[in-house]
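S.K.: Residue numbers (the numbering used here): 348 to 581. Supplied in structure tokens, the structure appears directly below.
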């Protein structure tokens, strides 16, 4: 047993196990937790059908999509940022155009657009990356862009880590804003700390919603149909 533990510590297995089950614990404070608990009965019921529709289209758990929506806007369809992102899923104008969204303030359009964009970020990652690492990496890419995520994965590898492991990439993300690994990055400065906080908060909100909201099993899952027809991406 001692030999196994030591091997797990040196090859990174122990870190990955801890990250998978406890990496996001204590990220939220009591005010954050109270906030989602109070807003859930007020705001989520009207949005639930849209999140479930998005799951049917993409195969992504609607509760994860709802966690993204809460992190982005606290489920406020009219949310607007000084940087120009708008709507419940806080899409940029460029992303909205790319996802075929013409009204970012329409909650259904925003949710479907955000879900499609997250699916695109997941599809952009190498097929060898397993879940749940694939989803956590895609969340960071959703926040900062696919190019900056690839830079973070390069930094993780340069630091001796596994570029396919969220446990290692999350430690690399802050370096995107420090310039310490400029030689291995292609896309320049990024707010890596922001992407890290974004992904970890969503993991925590998702964990809360998993406990409070029932699983949805659509009769037709278009995400699974797409994978069956065209294979896994990457």
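The beta carbon of each residue, even a glycine, is placed where N, CA and C say it ideally should be. All of these numbers come straight from a predicted model, not from anything done at the bench.
#1: Tell me whether the beta-carbon of residue 490 lies closer than 8 Å to the beta-carbon of residue 541.
#2: Where does residue 433 sit, in a helix, a strand or coil, going by DSSP?
#3: Give me the Cα-Cα distance between residue 500 and residue 464, rounded to the nearest whole angstrom.
#4: Helix, strand or coil, according to DSSP, for residue 482 in the structure here?
#5: In chain order, what residues of the same chain lie with their CB nearer than 6 Å to the CB of residue 483, ignoring the 5 residues before and after it?
#6: Which residue from 439, 552, 425 puts its Cα closest to that of residue 431?
#7: Return helix, strand or coil for residue 544, following the three-state DSSP convention.
#8: Let's see if you can read the secondary structure: which residues bound the alpha helix (DSSP H) around residue 507?
#9: Output the distance between the C-alpha atoms of residue 451 and residue 445, rounded to the nearest integer angstrom.
#10: With H, G and I counted as helix, E and B as strand and the rest as coil, what does DSSP make of residue 427?
#11: Check whether the region 555-563 touches the region 407-423, counting contact only when three or more Cβ pairs, one atom from each stretch, lie closer than 8 Å.
#12: Would you identify the three-state DSSP class for residue 438, choosing helix, strand or coil?
#13: Leaving out five residues before and five after residue 418 in sequence, what residues of the same chain have Cβ atoms less than 7 Å from its Cβ?
#14: Which residue comes first and which comes last in the alpha helix (DSSP H) that contains residue 515?
#15: Nearest-angstrom Cα distance between residue 368 and residue 554?
#16: With DSSP as the reference, label residue 563 as helix, strand or coil.
M.R.: Straight from the coordinates:
#1: To locate residue 490, count along the chain shown from 1; it is residue 143. To locate residue 541, count along the chain shown from 1; it is residue 194. In this structure, residue 541 lies closer than 8 Å to residue 490 by Cβ.
#2: Numbered from 1 along the chain shown, position 86 holds the residue referred to as residue 433. Residue 433 sits in a strand when the DSSP states are folded into three classes.
#3: As a working mapping, residue 500 is identified with position 153 in the chain shown. As a working mapping, residue 464 is identified with position 117 in the chain shown. Whole-angstrom Cα-Cα distance: 20 Å.
#4: In the chain shown, residue 482 corresponds to position 135, counting from 1. DSSP places residue 482 in helix when its eight states are reduced to three.
#5: By one-based count along the chain shown, residue 483 stands at place 136. Sequence-distant Cβ neighbours of residue 483 in its own chain, meaning closer than 6 Å and more than five residues away, are 513, 546.
#6: For the purposes of this step, residue 431 is taken as residue 84 along the chain shown, with counting starting at 1. It is 439.
#7: The count along the chain shown starts at 1 and reaches residue 544 at position 197. DSSP places residue 544 within a helical segment (H, G or I) once states are collapsed to three.
#8: Position 160 of the chain shown, counting from 1, holds the residue named residue 507. Premise fails: residue 507 is in no alpha helix (DSSP H) and is neither H nor E.
#9: Taking the first residue of the chain shown as position 1, residue 451 is located at position 104. Taking the first residue of the chain shown as position 1, residue 445 is located at position 98. Each residue's alpha carbon lies about 12 Å from the other.
#10: For the purposes of this step, residue 427 is taken as residue 80 along the chain shown, with counting starting at 1. Strand.
#11: Taking 8 Å as the limit for Cβ pairs, the verdict is that the region 407-423 does touch the region 555-563.
#12: Stepping through the chain shown from its first residue, residue 438 is reached at position 91. Of the three classes helix, strand and coil, the one that applies to residue 438 here is strand, per DSSP.
#13: In the chain shown, counting from the first residue as 1, residue 418 sits at position 71. In the same chain as residue 418, and ignoring 5 residues on each side of it, the C-beta atoms closer than 7 Å to its own belong to 545, 548, 549, 552, in chain order.
#14: Sequence index remark: in the chain shown, residue 515 carries index 168 (1-based). Run containing residue 515: 513-519, per the alpha helix (DSSP H) assignment.
#15: In the chain shown, residue 368 corresponds to position 21, counting from 1. In the chain shown, residue 554 corresponds to position 207, counting from 1. Caution applies to residue 368, whose pLDDT of 47 falls short of 50 and renders its modelled position unreliable; the value that the coordinates give is listed next. Straight-line spacing of the CA atoms in residue 368 and residue 554 works out to 11 Å.
#16: Position 216 of the chain shown holds residue 563. Residue 563: coil per DSSP, three-state reduction.
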